[in-house]
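>
In our numbering, the protein residues as written are 116 to 359.
#1: State buried or exposed for residue 333, treating a residue as buried only when at least 16 other CB atoms are found within 10 Å of its CB.
#2: Distance check for residue 144 and residue 154, CA to CA, integer angstroms please.
#3: What does residue 308 pair with, by DSSP beta-bridge criteria?
#4: Which of helix, strand or coil does DSSP assign to residue 324?
#5: Taking Cβ to Cβ, would you say residue 288 is nearer than 8 Å to residue 254?
#6: Apart from the five residues on each side of it in sequence, which residues of its chain come closer than 7 Å, Cβ to Cβ, to residue 160?
#7: Anyone know if the C-beta pair for residue 271 and residue 260 falls short of 8 Å?
#8: Indicate whether the contact test is met: 3 or more Cβ pairs, each with one atom in the stretch 296 to 303 and one in the stretch 331 to 347, closer than 8 Å.
#9: Quick one: Cα of residue 129 to Cα of residue 167, how far?
#10: Do you know whose CA, among 284, 265, 266, lies nearest residue 241's CA?
#11: CA-CA distance, residue 264 and residue 150?
#12: With distances taken Cα to Cα, identify the nearest neighbour of residue 309 among 316, 292, 325, 323.
#13: Can you find the residues in the same chain that come closer than 7 Å, C-beta to C-beta, to residue 136, ignoring five residues on each side of it along the sequence?
#14: On the DSSP letters alone, give me the boundaries of the alpha helix (DSSP H) that residue 337 sits inside.
#15: With a cut-off of 8 Å on the beta carbons, I'd call residue 274 and residue 353 a contact; round off their distance for me.
#16: Checking 8 Å against the spacing of the C-beta atoms, do residue 174 and residue 238 come in under that value?
Set out below in structure tokens:
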């Protein structure tokens, strides 16, 4: 089965964003080298985040280009992407699937292929659970370079702890979503699976809250700086661009 049009869009967008991220991290290290500034924790976290994001892109490409389905990919894809995308139809909305494609969510003629697709998706979940907080920690440690206010440090330390807790909950949730875990890729195995959609919607809601909090926290500090308003606007624009 050829990848859907939406699947190709996912790949193209993923590649474009990964290229931009790679360029940004590369220039970051070049700037440190040219200015002879010691690399900080935020620099190494940025590099680690880039590696994991690249891994997620590879996993996405595998899931999109693979021509065989997975019996468990329906619930996982619907939970993560809010779409009913089968392996080989990643990015395709549930309403765009015909009857045969929907049935592919539930059956396959080759157990090894079924297992492969679900394994890749499970790996993608764990990669995401680590990559997402790493990106946030990169920004948090960058803030620590810029601002020395004790009150501000207290706030970002709290956000740091929340990011770690989020990562731990996400990893445990993905690891325990099916008991035994083998039921994740083989529904014939006796056991139970939790409501994966509800779980991912919950952690995504918290994830969005953390993103918004990390984005908003430096703004009061910027406008308290004893600098001309033009400088404050310029700094605000830089942080706004980073937030986007």
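Ideal Cβ placement from N, Cα and C applies to all residues, glycine included.
If we stick to the structure as given:
#1: On the chain shown, residue 333 is found 218 positions in, with the first residue counted as 1. Result: buried.
#2: If you number the chain shown from 1, residue 154 lands on position 39. If you number the chain shown from 1, residue 144 lands on position 29. Cα to Cα, residue 154 sits roughly 8 Å from residue 144.
#3: Numbered from 1 along the chain shown, position 193 holds the residue referred to as residue 308. Paired residue(s): 293.
#4: To locate residue 324, count along the chain shown from 1; it is residue 209. Of the three classes helix, strand and coil, the one that applies to residue 324 here is helix, per DSSP.
#5: Here residue 288 refers to the residue found at position 173 when the chain shown is read from its first residue. Here residue 254 refers to the residue found at position 139 when the chain shown is read from its first residue. No, they are not a contact pair.
#6: Taking the chain shown and counting its residues from 1, one reaches residue 160 at position 45. Around residue 160: 249, 252, 253, 256.
#7: As a first step, residue 271 is located in the chain shown; it is residue number 156 there, counting from the start. As a first step, residue 260 is located in the chain shown; it is residue number 145 there, counting from the start. Taking 8 Å as the Cβ cut-off, residue 271 and residue 260 do not qualify as a contacting pair.
#8: no
#9: As a position in the chain shown, residue 129 is number 14, starting the count at 1. As a position in the chain shown, residue 167 is number 52, starting the count at 1. Roughly 13 Å between the two C-alpha positions.
#10: Within the chain shown, the letter at position 126 stands for residue 241. The shortest Cα separation from residue 241 among 284, 265, 266 belongs to 284.
#11: Counted from its first residue, the chain shown places residue 264 at position 149. Counted from its first residue, the chain shown places residue 150 at position 35. Between the alpha carbons of residue 264 and residue 150 lies a gap of roughly 25 Å.
#12: Along the chain shown, one-based indexing puts residue 309 at 194. When only C-alpha atoms are compared, the closest one is 292.
#13: Position 21 of the chain shown, counting from 1, holds the residue named residue 136. For residue 136, where only same-chain residues beyond five positions count, the Cβ hits under 7 Å are 165, 168.
#14: Translated into positions along the chain shown, residue 337 becomes position 222. Looking at the DSSP string, the run of the alpha helix (DSSP H) that includes residue 337 is 334 to 339.
#15: Counting from one through the chain shown, the residue named residue 274 turns up at place 159. Counting from one through the chain shown, the residue named residue 353 turns up at place 238. Going by Cβ atoms, the distance from residue 274 to residue 353 rounds to 20 Å, so no, they are not a contact pair.
#16: Within the chain shown, residue 174 is the residue found at index 59, counting from 1. Within the chain shown, residue 238 is the residue found at index 123, counting from 1. Yes. Within cutoff.
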